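Engineer: Sharing a structure with you now.
Numbering (UniProt numbering), first residue to last: 1 to 34.
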């Protein structure tokens, strides 16, 4: 399945994963601070 993706699409997917992880972690931190 992965080989169907172009390199650019894979890079976009990786960036999206990183962004979602950062948002998830920041939400947890905000909830801990409250």
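Note that beta-carbon positions come from the ideal geometry of N, C-alpha and C, so glycine has one too.
Being a predicted model, the structure only gives us computed values, none of them experimental.
Express the C-alpha separation of residue 13 and residue 32 in angstroms, rounding to a whole number.
Structural biologist: The alpha-carbon atoms of residue 32 and residue 13 are separated by roughly 29 Å.
Engineer: Express the C-alpha separation of residue 19 and residue 10 in angstroms, rounding to a whole number.
Structural biologist: 14 Å
Engineer: How is residue 34 classed by DSSP in three states: helix, strand or coil?
Structural biologist: coil
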